[in-house]
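Number of protein chains: 2
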Amino acid sequence: MILAKRSITLLGAGTIGASWAALFLSYGEKVQVYDSDQNALLNVKKYVERVWRDLASIMPDHPLIPWENLLLTQNLKRVCQDTVWVQENAPDNLVIKHRLLSDAEGVLEKHIPIASSTTALMASDIQAEMTYPERFIVGHPFNPPHLIPLVEVVAGKKTDPELTERAKAFYESYGKEVIIPKREATGHIANRLQAALYREVVHMVATGIASVEDIDRAIVHGPGLRWAFLGPNLVYHLGGGDGGYAHYLDCLGPSQETRWKDLGEAALSDETKGKLVNGLTETLGEASMTDLRTKRDAALIGLLKLKKHLDGSAT
Amino acid sequence: MILAKRSITLLGAGTIGASWAALFLSYGEKVQVYDSDQNALLNVKKYVERVWRDLASIMPDHPLIPWENLLLTQNLKRVCQDTVWVQENAPDNLVIKHRLLSDAEGVLEKHIPIASSTTALMASDIQAEMTYPERFIVGHPFNPPHLIPLVEVVAGKKTDPELTERAKAFYESYGKEVIIPKREATGHIANRLQAALYREVVHMVATGIASVEDIDRAIVHGPGLRWAFLGPNLVYHLGGGDGGYAHYLDCLGPSQETRWKDLGEAALSDETKGKLVNGLTETLGEASMTDLRTKRDAALIGLLKLKKHLDGSAT
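Protein sequences, first through last, are from chains U and S. Letter 192 of the first sequence, counting from 1, is numbered 192 in the numbering used here, and no numbers are missing. Letter 15 of the second sequence, counting from 1, is numbered 15 in the numbering used here, and no numbers are missing.
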């Protein structure tokens with residue numbers, strides 16, 4: 001039996017909530033999950049069962065799932081007791097989040113932080129209607145949070161300035177890599193970058209420059225290999241030869257600018273959505289969602305181990 | 001001694017030409033490299049020496065560098081004899097390429113294909129002034145070509161239709177993954193995607209949303225990990241839960257569109273270039289270009305081996 005160190009509360013038991021639950025359990029914490037939907041709660045159990053072997057391979061201290069540390073309930077008041085941290089993972093809709101956080105604040109001590117996993121909403125907008133907005137912050141993970149290290153911590157206008165550092169320390173204690181945008185922006189940092197790339201994906205599919213299959217192959221056999229280890233700035237530094245980034249920008253900056261002018265706009269019309277979905281379906285063949293998730297997780301686990309090994313041998 | 005199977009001609013001995021040379025040598029080919037600059041030719045030797053141990057770890061048949069298969073010369077006529085394939089890697093400038101290809105055509109049999117490694121130019125523009133434009137095609141690799149599998153094959157308006165398949169087969173015979181855009185476009189496919197992402201990098205640095213360091217960390221600890229294995233379409237398919245890509249687009253498509261509206265324009269002014277270079281310099285600390293290249297190549301080799309292992313165990 002693992003003695004739980006802290007109790008963490010998760011509001012919302014979708015894919016992100018379930019993955020957070022698996023991560024915190026693997027660190028020996030007590031996890032209290034609330035959702036109004038009983039099926040979502042049951043899916044958390046299935047999710048933890050599915051991913052535990054992966055987690056055990058990188059966190060070998062916990063071979064068995066400590067079910068006694070997992071509370072799944074439709075009782076909001078219960079999960080808001082005896083907790084040190086609330087992580088909210090409701091659908092990315094301001095009305096839903098306002099209502100949920102209002103209900104939670106009614107039963108939660110006022111000094112307990114509430115972090116939101118929101119992808120698309122602004123911290124200031126979510127906290128605007130809170131009774132104690134200073135305790136609110138964004139802690140945005142990437143799917144699946146139990147494997148992807150990145151968490152973006154974003155304070156809203158009314159967030160207690162000290163909470164940013166506290167949130168950073170909290171996520172880092174679970175092995176996460178935290179970045180802090182200098183100011184609030186739609187999509188924080190990483191999802192702005194993903195959205196920028198994806199807009200051109202949609203543009204190329206919609207206008208017939210490339211197929212869905214070739215676009216996905218281009219990334220995984222090309223730039224995606226480098227981005228697993230090198231950020232875009234470092235990639236171009238290495239692309240500049242001995243002159244580095246400055247030389248790259250002087251020589252190839254103009255050709256970046258030429259490309260920028262040629263990039264397209266995109267809109268997700270029904271026709272374009274059809275092209276995207278059909279294009280992907282042709283590529284996937286018989287692969288089920290479970291197959292794909294299993295393959296993805298095996299790949300991420302292998303990559304995380306490789307990065308750890310390279311970091312260890314680099315010093 | 002390795003018996004060379006084919007002779008391949010490389011025009012231009014910069015970083016890309018040197019890396020192509022290492023790749024073709026590792027497959028036992030004879031490689032004939034032309035450059036007007038003697039120093040560039042000497043750098044090819046150094047490059048091959050540096051990367052050979054990496055190549056030998058994935059191509060274990062050739063532990064020793066077959067120097068007898070490498071010809072380095074400032075004599076264009078010589079490299080254009082006894083060759084099956086010409087790969088041009090001159091600076092990405094139309095005037096330079098026109099002149100070089102004109103000179104090469106003067107001494108090259110007319111049935112020998114000429115492929116260009118061009119990143120930014122259009123196949124039709126390069127071939128426009130050629131005597132035998134039907135033999136011209138783009139075969140665009142990614143830095144470093146001896147490790148990154150992706151090659152984009154793009155025909156120009158006057159390219160012999162059969163050359164596209166022939167080029168595909170040529171690159172595939174050296175372990176490359178070939179994609180063929182449906183039509184010519186500035187930046188082909190992968191560099192349009194990179195440019196789209198990079199424009200937002202520059203925008204965020206220029207407008208103070210994020211630091212160069214945090215942007216690079218965001219990619220390598222977040223989306224970059226997934227892109228090593230999953231293209232952007234497949235990432236969102238898995239982000240859609242059991243409903244897959246269609247569900248993702250219905251639920252989260254609107255938040256993509258919101259982000260697209262908020263993405264910025266960018267220009268590489270001297271001030272912005274300064275911010276980019278200074279931001280990266282702070283991040284890199286003492287790391288030399290050689291250290292960074294060695295680390296990059298070790299990471300790519302590890303990742304390529306991991307992908308091979310995962311592909312092997314997936315079936």
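Every residue, glycine too, gets a C-beta built ideally from N, C-alpha and C. Note that the structure is a prediction, hence the values are computed from the model and not measured.
At a CB-CB cut-off below 8 Å, which residues of chain U make contact with residue i?
{"i": "residue 198 of chain S", "result": "232, 236, 256"}
{"i": "residue 189 of chain S", "result": "204, 209, 210, 214, 215, 218"}
{"i": "residue 259 of chain S", "result": "120, 186, 187, 191, 192, 195"}
{"i": "residue 182 of chain S", "result": "208, 209, 210, 211"}
{"i": "residue 285 of chain S", "result": "By Cβ distance, chain U contributes nothing, its closest Cβ being about 12 Å from residue 285 of chain S, past 8 Å."}
Quick check: what's the CA-CA separation for residue i versus residue j?
{"i": "residue 23 of chain S", "j": "residue 65 of chain S", "result": "11 Å"}
{"i": "residue 99 of chain U", "j": "residue 195 of chain U", "result": "28 Å"}
{"i": "residue 71 of chain U", "j": "residue 50 of chain U", "result": "18 Å"}
{"i": "residue 67 of chain S", "j": "residue 88 of chain S", "result": "21 Å"}
{"i": "residue 80 of chain U", "j": "residue 9 of chain U", "result": "7 Å"}
{"i": "residue 166 of chain U", "j": "residue 251 of chain S", "result": "32 Å"}
{"i": "residue 1 of chain U", "j": "residue 20 of chain U", "result": "Bear in mind that a pLDDT of 43 at residue 1 of chain U, under 50, signals an unreliable position, so the model cannot answer this."}
{"i": "residue 41 of chain S", "j": "residue 110 of chain S", "result": "26 Å"}
{"i": "residue 69 of chain U", "j": "residue 168 of chain U", "result": "24 Å"}
{"i": "residue 311 of chain U", "j": "residue 78 of chain U", "result": "42 Å"}
{"i": "residue 153 of chain S", "j": "residue 179 of chain S", "result": "6 Å"}
{"i": "residue 291 of chain U", "j": "residue 39 of chain U", "result": "22 Å"}
{"i": "residue 315 of chain U", "j": "residue 232 of chain S", "result": "Confidence at residue 315 of chain U is low in this model, with a pLDDT of 42, below 50, so its placement is unreliable and no value can be given for it."}
{"i": "residue 295 of chain S", "j": "residue 273 of chain S", "result": "25 Å"}
{"i": "residue 289 of chain S", "j": "residue 146 of chain S", "result": "18 Å"}
{"i": "residue 298 of chain S", "j": "residue 107 of chain U", "result": "52 Å"}
{"i": "residue 240 of chain U", "j": "residue 234 of chain U", "result": "10 Å"}
{"i": "residue 32 of chain U", "j": "residue 112 of chain U", "result": "14 Å"}
{"i": "residue 170 of chain S", "j": "residue 163 of chain S", "result": "10 Å"}
{"i": "residue 140 of chain U", "j": "residue 156 of chain U", "result": "13 Å"}
{"i": "residue 95 of chain S", "j": "residue 215 of chain U", "result": "31 Å"}
{"i": "residue 125 of chain U", "j": "residue 118 of chain U", "result": "11 Å"}
{"i": "residue 243 of chain U", "j": "residue 91 of chain S", "result": "15 Å"}
{"i": "residue 285 of chain U", "j": "residue 63 of chain S", "result": "40 Å"}
{"i": "residue 278 of chain U", "j": "residue 247 of chain S", "result": "13 Å"}
{"i": "residue 56 of chain U", "j": "residue 86 of chain U", "result": "25 Å"}
{"i": "residue 53 of chain U", "j": "residue 230 of chain S", "result": "22 Å"}
Just confirm the distance between the C-beta atoms of residue i and residue j, as a whole number of angstroms; I'd bet it's less than 8 Å.
{"i": "residue 97 of chain S", "j": "residue 134 of chain S", "result": "Not quite, the Cβ-Cβ distance comes to about 17 Å (not below 8 Å), so this is no contact."}
{"i": "residue 253 of chain U", "j": "residue 207 of chain U", "result": "Not really, about 26 Å apart at Cβ, beyond 8 Å."}
{"i": "residue 82 of chain U", "j": "residue 7 of chain U", "result": "5 Å"}
{"i": "residue 76 of chain S", "j": "residue 34 of chain S", "result": "5 Å"}
{"i": "residue 268 of chain S", "j": "residue 257 of chain U", "result": "6 Å"}
{"i": "residue 187 of chain S", "j": "residue 149 of chain S", "result": "Actually they do not touch by this definition, with Cβ atoms about 19 Å apart."}
By the criterion of Cβ-Cβ separation under 9 Å, what are the contact partners of residue i in chain U?
{"i": "residue 262 of chain S", "result": "185, 186, 187, 192, 195"}
{"i": "residue 312 of chain S", "result": "Simply none; closest approach about 12 Å."}
Residues of chain U with CB closer than 7 Å to the CB of residue i, please, in chain order.
{"i": "residue 289 of chain S", "result": "242, 244"}
{"i": "residue 166 of chain S", "result": "Correct list: empty, because the minimum Cβ distance to chain U is about 19 Å."}
Suppose contacts are defined by Cβ-Cβ distances below 8 Å. Is residue i in contact with residue j by that definition?
{"i": "residue 249 of chain U", "j": "residue 276 of chain S", "result": "yes"}
{"i": "residue 177 of chain S", "j": "residue 217 of chain U", "result": "yes"}
{"i": "residue 316 of chain U", "j": "residue 255 of chain S", "result": "The displayed coordinates of chain U run from 1 to 315. Any statement about residue 316 of chain U would go beyond what the structure contains."}
{"i": "residue 280 of chain S", "j": "residue 237 of chain U", "result": "yes"}
{"i": "residue 137 of chain S", "j": "residue 128 of chain S", "result": "no"}
{"i": "residue 259 of chain U", "j": "residue 183 of chain S", "result": "no"}
{"i": "residue 28 of chain S", "j": "residue 5 of chain S", "result": "yes"}
{"i": "residue 93 of chain U", "j": "residue 15 of chain U", "result": "no"}
{"i": "residue 44 of chain U", "j": "residue 17 of chain U", "result": "yes"}
{"i": "residue 151 of chain U", "j": "residue 227 of chain S", "result": "no"}
{"i": "residue 266 of chain U", "j": "residue 202 of chain U", "result": "yes"}
{"i": "residue 74 of chain U", "j": "residue 36 of chain U", "result": "yes"}
{"i": "residue 212 of chain U", "j": "residue 283 of chain U", "result": "yes"}
{"i": "residue 104 of chain S", "j": "residue 181 of chain U", "result": "no"}
{"i": "residue 225 of chain U", "j": "residue 300 of chain S", "result": "yes"}
Below 8 Å on C-beta distance, what does residue i contact in chain S?
{"i": "residue 119 of chain U", "result": "252, 255"}
{"i": "residue 92 of chain U", "result": "252, 255"}
Using the beta-carbon of each residue, which ones in chain S are nearer than 7 Å to residue i?
{"i": "residue 20 of chain U", "result": "Near residue 20 of chain U there are no residues of chain S at all, since even the closest Cβ is about 15 Å away, more than 7 Å."}
{"i": "residue 177 of chain U", "result": "217, 221"}
What in chain S is Cβ-close to residue i, meaning under 9 Å?
{"i": "residue 239 of chain U", "result": "15, 143"}
Using a beta-carbon distance below 8 Å, is residue i in contact with chain B?
{"i": "residue 275 of chain U", "result": "Judged by its chain identifiers, the structure shown contains no chain B, and its protein chains are U and S."}
### Query
Which of the residues in the segment 149 to 161 of chain U, read from start to end, lie with their CB under 8 Å from any CB of chain S?
149, 150, 152
### Query
Residues in the segment 128 to 150 of chain S with C-beta within 7 Å of chain U's C-beta atoms, listed in sequence order?
142, 143, 148, 149, 150
### Query
What are the residues of the segment 40 to 56 of chain S that lie near chain U, defined by any Cβ-Cβ distance shorter than 8 Å?
none
### Query
Mind listing which residues of the segment 292 to 303 of chain S have their C-beta closer than 7 Å to chain U's C-betas, in chain order?
292, 293, 295, 296, 298, 299, 300, 302, 303
### Query
What residues from the segment 24 to 41 of chain S come within 7 Å of chain U, judged by C-beta to C-beta, listed N to C?
none
#### Entry: Short-range partners of chain S found in the segment 78 to 106 of chain U, where Cβ spacing is below 7 Å
92
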